[in-house]
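In my numbering, the protein residues as written are 140 to 548.
Working notes, structure below.
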Amino acid sequence: MTFYEELNWRGLIKDTAGEDIEDKINSGNVTFYWGTDPTADSLHLGHYSSLVTAKRFANAGHHPILLVGGSTGLIGDPRPTAEREIMAKEKLEKNMAGIRAQVDKLFEGKAEIVNNYDWTKDYTYLDFLRDIGKYINVSYMLNKDIIARRLETGITYAEFSYTLLQGYDFLWLYRNKNCIMQAEGADQWGNITTGIELIRKIEGKEAYGFTMPLVLDKYGNKFGKSAGNALWLDINKTSSYELYQYLVNVDDSMVISYLKIFTFLTPEEITELEKKNAEHPELREAHKALAREIITDLHGKEEYEKAVAISQSLFSGNIKGLSLSDVMVGLKDVPTVSVTAGQTIMDVLVNNKIVSSKREGREFLNAGSITLNGDKVSDENMPVTPDLAIEGKVIVLRRGKKKNYLLKF
């Protein structure tokens with residue numbers, strides 16, 4: 140299949156602009172751009188689909204430009220519900236540095252990274268209105284989906300003008316970088332077409348654009364959201380283990396779609412995984428492949444293997460094979476209990492409501508359902524002492540198969 144056909148097969152094309160865009164995408168020599176505003180010092184898993192798509196284009200011979208919005212980030216792209224909070228310039232610069240580092244790593248320094256602040260900082264307001272504003276009709280802007288949806292609740296002039304700024308980005312890159320195509324998530328379609336309109340009216344040339352569907356989970360929530368929090372690409376904000384747990388537990392009905400969108404596995408490899416997933420979903424081979432491909436691409440093979448090792452050790456209760464840092468990563472969200480050296484295991488269980496009574500505690504102990512760092516405890520009078528702690532810091536107490544606690548002295 141052609142490159143364009145593969146993109147379609149992977150579900151990566153929603154809207155397109157430009158009559159011969161399919162030929163352009165298949166040609167293998169187009170300069171295109173994808174942009175993001177630095178709203179945080181790290182991209183998250185939801186951004187990753189765009190990054191992977193940009194890498195696909197680069198692998199097909201196209202030249203990617205990744206734009207970090209130093210100027211548009213000061214304004215904020217209109218959201219469907221409410222205005223974004225204005226960000227301090229110092230925070231914006233910190234965020235841009237973090238995103239640049241991530242993109243450089245993912246593309247191994249082969250992607251060109253630009254900052255739109257460089258070509259807007261000296262542009263006077265009057266010149267911008269004369270050169271750019273005169274070419275875009277207000278009624279045209281009002282018909283943009285996000286703007287139209289915000290009219291009832293209110294939209295500031297700053298946000299209303301955002302589409303002009305992004306449209307000018309496309310025009311500037313067209314003029315100065317021979318960039319003829321923009322690729323974004325589906326929510327950016329209105330901004331893409333503003334840029335195409337400026338290039339058509341001012342340069343008399345045709346430009347191209349396409350959007351990718353927003354990646355959602357089974358319930359319509361954005362992919363990469365866990366308990367209301369983003370899963371970050373920065374390993375210091377979201378560990379490889381946390382990514383692994385999220386990815387191996389995605390819904391069965393979505394995993395093949397995610398393999399198409401987020402991995403570089405071939406159609407044949409994905410088709411084989413689809414077959415395995417249908418025949419033996421309990422093996423979760425497709426899910427494991429999804430985790431392997433994403434984590435390896437983001438953080439390397441060693442981090443993926445580490446995430447698997449932590450997961451297997453915690454699942455089996457073999458805590459002794461883990462370092463303190465591994466334990467803290469894998470059990471960062473479990474309850475922490477303060478204990479006094481020499482307390483009996485029964486006192487620890489009852490005083491901290493790990494069991495409801497001494498009677499229940501004895502039942503768990505007699506059944507071998509209480510472990511300390513993976514070792515079963517049966518003696519209710521066994522003292523809990525610091526020498527049991529991993530690296531002298533914590534003891535992992537497990538009740539039953541899944542309930543874990545961190546004991547700290």
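Cβ atoms here follow ideal geometry from the backbone N, Cα and C, with glycine treated the same way.
Source: prediction; values computed, not measured.
Nearest to Glu-323 by alpha carbon, out of Asn-317, Lys-440 and Gln-305?
That would be Gln-305, whose Cα lies nearest to the Cα of Glu-323.
Once DSSP output is grouped into helix, strand and coil, what is the label at Ser-378?
Coil at Ser-378, not helix or strand.
Measuring alpha carbon to alpha carbon, tell me which of Ile-204, His-186 and Tyr-296 ends up nearest Phe-362.
That would be His-186, whose Cα lies nearest to the Cα of Phe-362.
How should Asp-216 be labelled, buried or exposed, when 16 other C-beta atoms within 10 angstroms of its C-beta is the threshold for buried?
Buried.
Taking the beta strand (DSSP E) that Glu-323 belongs to, which residues open and close that run?
Run containing Glu-323: 318-324, per the beta strand (DSSP E) assignment.
Can you look up Val-191 in the DSSP assignment and give me helix, strand or coil?
Helix.
Using only CA atoms, which one of Gly-334, Leu-398, Leu-231 and Glu-407 lies nearest to Ala-425?
Closest by alpha carbon: Leu-398.
Between Gln-241 and Leu-182, what straight-line distance do the alpha-carbon atoms span, to the nearest angstrom?
Using only the alpha carbons, I get a separation of about 8 angstroms.
Counting along the chain, where does the beta strand (DSSP E) carrying Thr-175 start and finish?
Segment 170-175, the beta strand (DSSP E) holding Thr-175.
Which one of Leu-545, Glu-519, Gly-539 and Asn-520 has the shortest CA to CA distance from Gly-531?
Minimum Cα distance to Gly-531 is reached at Leu-545.
Using DSSP's beta-bridge definition, name the partner residues of Gly-126.
Within the shown structure, residues of the chain are numbered from 140 to 548, placing residue 126 beyond reach of any answer.
Could you give the distance in angstroms between the alpha-carbon of His-201 and the alpha-carbon of Leu-422?
Spanning the two alpha carbons is a distance of roughly 38 angstroms.
In whole angstroms, give me the CA-to-CA distance for Leu-146 and Ala-430.
Going from the Cα of Leu-146 to the Cα of Ala-430 covers about 21 angstroms.
Locate the alpha helix (DSSP H) running through Leu-549, then write down its first and last residues.
Because the chain is modelled from 140 through 548, residue 549 falls outside the range shown and cannot be assessed.
In whole angstroms, give me the CA-to-CA distance for Tyr-143 and Asn-198.
Roughly 13 angstroms between the two C-alpha positions.
Helix, strand or coil, according to DSSP, for Ser-477 in the structure here?
Strand, per DSSP.
So, Pro-474 versus Gly-150, is the Cβ gap smaller than 8 angstroms?
Not a contact, by the Cβ cut-off of 8 angstroms.
Let me know the secondary structure DSSP gives Arg-538 once reduced to three states.
Three-state DSSP puts Arg-538 in a strand.
Short check: CB of Ile-331 to CB of Ala-156, under 8 angstroms?
Yes, these two residues count as a Cβ contact at 8 angstroms.
Where does Ile-400 land, buried or exposed, given buried means 16+ other C-beta within 10 angstroms?
Per the 10 Å Cβ criterion, buried.
Among Glu-502, Tyr-385, Glu-444 and Leu-527, which residue has its Cα nearest to the Cα of Thr-479?
Per the Cα distances, Leu-527.
Give me the residue from Gly-507, Asn-520 and Arg-501 with the minimum Cα distance to Thr-483.
When only C-alpha atoms are compared, the closest one is Asn-520.
Are the beta-carbon atoms of Val-476 and Asn-491 separated by less than 8 angstroms?
Yes, the pair counts as a contact, with Cβ atoms nearer than the cut-off.
Comparing C-alpha positions only, which one of Asp-180, Lys-230, Val-253 and Leu-511 sits nearest to Gly-237?
Among Asp-180, Lys-230, Val-253 and Leu-511, the Cα nearest to that of Gly-237 belongs to Asp-180.
Quick one: give me the first and last residue of the alpha helix (DSSP H) that Thr-84 is part of.
The structure shown has nothing for residue 84, since the chain only spans 140 to 548.
Mind the definition here: the region 446-458 touches the region 490-504 only if three or more C-beta pairs lie below 8 angstroms; say whether that holds.
Short answer: they don't touch.
According to DSSP, is Val-516 helix, strand or coil?
Three-state result, Val-516: coil.
Look at the alpha carbon of Trp-258 and the alpha carbon of Ile-252, and state the distance between them as a whole number of angstroms.
C-alpha separation (whole angstroms): 14 angstroms.
What separation, rounded to the nearest whole angstrom, lies between the Cα atoms of Leu-386 and Pro-420?
Their backbone Cα atoms lie some 15 angstroms apart in a straight line.
With a 10 Å radius around its C-beta and 16 neighbouring C-beta atoms as the bar for buried, classify Pro-522 as buried or exposed.
Exposed, by the Cβ-count rule.
Quick one: give me the first and last residue of the alpha helix (DSSP H) that Thr-332 is part of.
Per DSSP, Thr-332 belongs to the alpha helix (DSSP H) from 328-337.
Going by the CB atoms, is the gap between Asn-255 and Gly-209 shorter than 8 angstroms?
A contact, by the Cβ cut-off of 8 angstroms.
According to DSSP, Ile-252 sits in a beta bridge with which residue or residues?
Paired residue(s): Leu-205.
What are the partner residues of Pro-522, as DSSP defines its beta bridges?
Partner(s): Thr-483.
Report the three-state DSSP secondary structure of Val-354 (helix, strand or coil).
If DSSP states are grouped into helix, strand and coil, Val-354 belongs with coil.
Can you give me the C-alpha to C-alpha distance between Thr-402 and Asn-168, rounded to a whole angstrom?
Using only the alpha carbons, I get a separation of about 23 angstroms.
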